[in-house]
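Report on one structure; see the data block that follows.
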Amino acid sequence: MQFGLAVMNDFPPGVVPADRVALLREQVRAARDAGISSVWVLQHYLGGMPTLQPIPLLAALARDAGDMTLGTNMFILPLRHPVGVAEEFATLDHITGGRTIAGFGMGYRENEFASFGVPMDDRLGRYEEGVRLIRDLWTGETTTFEGEHFRVRGQRISLPPVRPGGPPIWIGAGPHRAGALRAARLGDAWIVPPHVTPEKLEAVLGHYRDERARLGRGPSELVVRRELVLDADRDRARAIGVEARGALTRQYARYNAPQKGAAYRHLSGDRAAAEVADASYLFTDPAGAVTALKALEAQGLTYVILRAQWYELGQEQVLRTLELFKNEVLPAFRPRG
Numbered sequence: 001m002q003f004g005l006a007v008m009n010d011f012p013p014g015v016v017p018a019d020r021v022a023l024l025r026e027q028v029r030a031a032r033d034a035g036i037s038s039v040w041v042l043q044h045y046l047g048g049m050p051t052l053q054p055i056p057l058l059a060a061l062a063r064d065a066g067d068m069t070l071g072t073n074m075f076i077l078p079l080r081h082p083v084g085v086a087e088e089f090a091t092l093d094h095i096t097g098g099r100t101i102a103g104f105g106m107g108y109r110e111n112e113f114a115s116f117g118v119p120m121d122d123r124l125g126r127y128e129e130g131v132r133l134i135r136d137l138w139t140g141e142t143t144t145f146e147g148e149h150f151r152v153r154g155q156r157i158s159l160p161p162v163r164p165g166g167p168p169i170w171i172g173a174g175p176h177r178a179g180a181l182r183a184a185r186l187g188d189a190w191i192v193p194p195h196v197t198p199e200k201l202e203a204v205l206g207h208y209r210d211e212r213a214r215l216g217r218g219p220s221e222l223v224v225r226r227e228l229v230l231d232a233d234r235d236r237a238r239a240i241g242v243e244a245r246g247a248l249t250r251q252y253a254r255y256n257a258p259q260k261g262a263a264y265r266h267l268s269g270d271r272a273a274a275e276v277a278d279a280s281y282l283f284t285d286p287a288g289a290v291t292a293l294k295a296l297e298a299q300g301l302t303y304v305i306l307r308a309q310w311y312e313l314g315q316e317q318v319l320r321t322l323e324l325f326k327n328e329v330l331p332a333f334r335p336r337g
C-alpha cells in the first residue's frame, strides 16, 4: 500500500495564502521524509475560501517534493478547454520529470459553472470528451477530434509529456454505481471520496472492478481518500479532527453539494459530520490508524490519499501527525526484509 498527502490549499476567509506557502513547503518536506509517495492539491474557483490554484502550486512545490509524485484531487475538467489542460499538465510533467498524476473531477458548484458560462447539464459530456481529447493530444501525434463540445482538426500538442502517453488520469466521481462505471471506463484509477464507509466502499469497488473486467481493462490502483489526525490519546485525536474538519464542512455547506442523500450527509450538520468521522476518518492513535488502514488493504485498496489539515488546524498538529505516521504507522506497511 502506498500513501499520499493532500495539503490544504483552500484557506479560511481572511487568510493571505502567501503567508502559508512556506508552511506548505515544510509539510511537503516532512511528508517526503516520512516516506509518503505523493502530494495532492484541490481546485475550486470563487467562493469564500481563498484557494491557491493547483498547477502553479504543484510546480512551486516540486523541488520540496523531490521524487514524490504530484497530483490534482481534483482539477475541475468541464470548466476548461482540453487543449489548455493538456498543455498545462504536460508542462507540470516536464517540471516533475514525469511524476505527475492528472486527477480530473466533474465539479458540482453551480456558481462556478455559471461564472464560466458552462451549463451544468453539459458537465458529463464535456468531461468525457475532455478526457478522450487530452489522451489523444498526449500521444504527441497529429490529432483530429470531432465532438459535441470540442473540435480539434489536424493539430499536435506543442509539448508532449515526458511520460509516454502522458500522466495517468485518475477519475474523481461520486461513491455510487454511475461514478464507479464512469471511472472504470475513462480512468487509470478512481479516487473514492473520504466520507465513504468501509461497507459502501466494498460495494462501489465491486462495481468498479466488474466494469474494468467487462471492458478488458485489467486491474488498476484502488485509491481512497481518508482524513487523518494522529495523537497518542485517541479521544484527543478525535476531538481535534472533528472540530477542524467540521469547520471546513460548515464552510463547504454554504455551497450546493453535488447531490442530496446519504452520499453527502457529511455536509448536513455537525452530528452527521461526527458520525461520518467515526465511520470513515482516521482521527485516532497510531495503533488505530494501522488497524483501519490494514482493513482497507484487506479490501484490496492499494493507495490511500491522506489529508491532515483543515481550516484553522495549526502547523504543529500537522507535523505531529506526520511524525507519528512516519514512526508508528508506515512501518506496518513496509515490506519485511
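Mapping the sequence shown onto full-length UniProt numbering, position 154 (from 1) lands on 154, and the numbers just tick up by one. Yeah, the Cβ is synthetic: ideal placement off N, Cα and C, and Gly gets one too.
Where do the N-terminal and C-terminal ends of the beta strand (DSSP E) with residue i fall, by residue?
i, result
"Gln53", "Unbroken run through Gln53: none, as it is neither H nor E."
"Phe3", "2-6"
"Gly71", "69-72"
"Gln155", "151-155"
"Phe283", "282-284"
"Ile171", "169-172"
"Tyr303", "303-307"
"Phe145", "143-146"
"residue 364", "As shown, the chain starts at 1 and ends at 337. That puts residue 364 outside it, with no answer to give."
"Ala189", "189-192"
"Val39", "38-41"
Would you check if the distance between the CB atom of residue i and the CB atom of residue j is smaller than 8 Å?
i, j, result
"Arg173", "Gly179", "The residue asked about is misnamed: residue 173 is Ala in this sequence, not Arg. Yes."
"Ile305", "Ala6", "yes"
"Arg225", "Ile191", "yes"
"Gln299", "Leu205", "yes"
"Gly154", "Thr144", "yes"
"Ile36", "Phe3", "yes"
"Met74", "Gly48", "no"
"Val28", "Val41", "no"
"residue 390", "Leu228", "Because residue 390 is not part of the residues shown, which for the chain are 1 to 337, the question remains open."
"Arg234", "Asp285", "yes"
"Leu137", "Ala213", "no"
"Tyr303", "Leu230", "no"
"Asp64", "Arg163", "no"
"Met1", "Glu297", "yes"
"Arg177", "His207", "yes"
"Ala59", "Ile157", "no"
Between which two residues does the alpha helix (DSSP H) holding residue i run?
i, result
"Leu186", "177-186"
"Trp138", "123-138"
"Glu316", "315-324"
"Ser115", "110-116"
"Arg225", "Where Arg225 is concerned, there is no enclosing alpha helix (DSSP H), although the beta strand (DSSP E) it sits in stretches over 221-230."
"Ala213", "198-214"
"Ile240", "234-252"
"Gly105", "Premise fails: Gly105 lies in the beta strand (DSSP E), 100-105, not in any alpha helix (DSSP H)."
"Val16", "Premise fails: Val16 is in no alpha helix (DSSP H) and is neither H nor E."
"Ala86", "82-95"
Closest to residue i by CA distance: which of the options is it?
i, options, result
"Leu313", "Ala237, Arg29, Leu52", "Ala237"
"Arg109", "Glu129, Leu77, Val131", "Leu77"
"Ala232", "Pro82, Glu328, Val131, Pro54", "Glu328"
"Thr100", "Ile55, Arg234, Asp64", "Ile55"
"Leu70", "Gly84, Gly97, Ala308", "Gly97"
"Arg32", "Gly66, Val16, Thr284", "Gly66"
"Glu292", "Tyr208, Tyr303, Ser280", "Looking at the sequence itself, residue 292 is Ala, so the reference to Glu does not match. Nearest option by C-alpha distance: Ser280."
"Val15", "Ala30, Met1, Thr51", "Thr51"
"Pro331", "Lys294, Glu199, Leu23", "Lys294"
"Gly241", "Gln251, Leu57, Val118, Asp278", "Asp278"
"Met68", "Ala183, Ile95, Arg135, Thr91", "Ile95"
"Gln315", "Met1, Pro13, Glu26", "Glu26"
"Gly117", "Leu133, Thr142, Arg80", "Arg80"
"Ala287", "Gly107, Pro119, Leu324, Gln317", "Leu324"
"Gly105", "Glu128, Glu88, Gly84, Pro119", "Glu128"
"Ala239", "Gln317, Val290, Gln251", "Gln317"
"Gly107", "Gln43, Thr142, Glu141, Val152", "Gln43"
For residue i, which residues from the same chain have a beta carbon less than 8 Å from its beta carbon, with the 5 sequence-adjacent residues on both sides left out?
i, result
"Asp122", "Pro78, His149"
"Gly261", "Low per-residue confidence applies at Gly261: pLDDT is 44, beneath 50, and the placement is therefore not dependable, though the value from the model is reported in the following sentence. The answer is none, since no qualifying residue turns up."
"Glu202", "Gln299"
"Ser268", "Unreliable placement is indicated for Ser268, whose pLDDT of 49 sits below 50; the coordinate value is still reported in the next sentence. Taken in chain order, the residues that qualify are Ala253."
"Asp19", "none"
"Arg135", "Gly165, Gly166, Ile169"
On the premise that residue j lies in contact with residue i, defined as a C-beta separation below 8 Å, what is that separation, rounded to the nearest angstrom?
i, j, result
"Leu282", "Ala34", "The Cβ separation is near 15 Å, so there is no contact."
"Gly130", "Pro161", "Actually they are not in contact, since the Cβ atoms of Gly130 and Pro161 sit about 16 Å apart, beyond 8 Å."
"Arg185", "Glu211", "7 Å"
Within its chain, find whatever has a CB closer than 7 Å to the CB of residue i; leave out the 5 residues flanking it on each side and keep chain order.
i, result
"Asp188", "Pro168, Ile169, Trp170, Ser220"
"Leu46", "Asn111, Glu112, Ser115"
"Gly125", "Glu148, His149"
"Ala263", "With a pLDDT of only 44 at Ala263, under 50, the local geometry of the prediction cannot be trusted, and the value read off the model is given with reservation. Closer than 7 Å at the Cβ level, and outside the excluded window around Ala263, lie Gly174, Pro175, His176."
Does at least one heavy atom of the ligand GTP sit under 7 Å from the Cβ of residue i?
i, result
"Leu24", "You won't find the ligand GTP in this model; it holds no ligand whatsoever."
Apart from the five residues just before and just after residue i, which ones in its own chain have a Cβ nearer than 6 Å to its Cβ?
i, result
"Gln259", "Residue placement at Gln259 is flagged as unreliable, the pLDDT there being 45, under the threshold of 50; the coordinate-derived value follows with that caveat. Cβ within range, chain order: n/a, list empty."
"Val21", "none"
"Met8", "Gln309"
"Ala247", "Tyr311"
"Val290", "Val329, Ala332"
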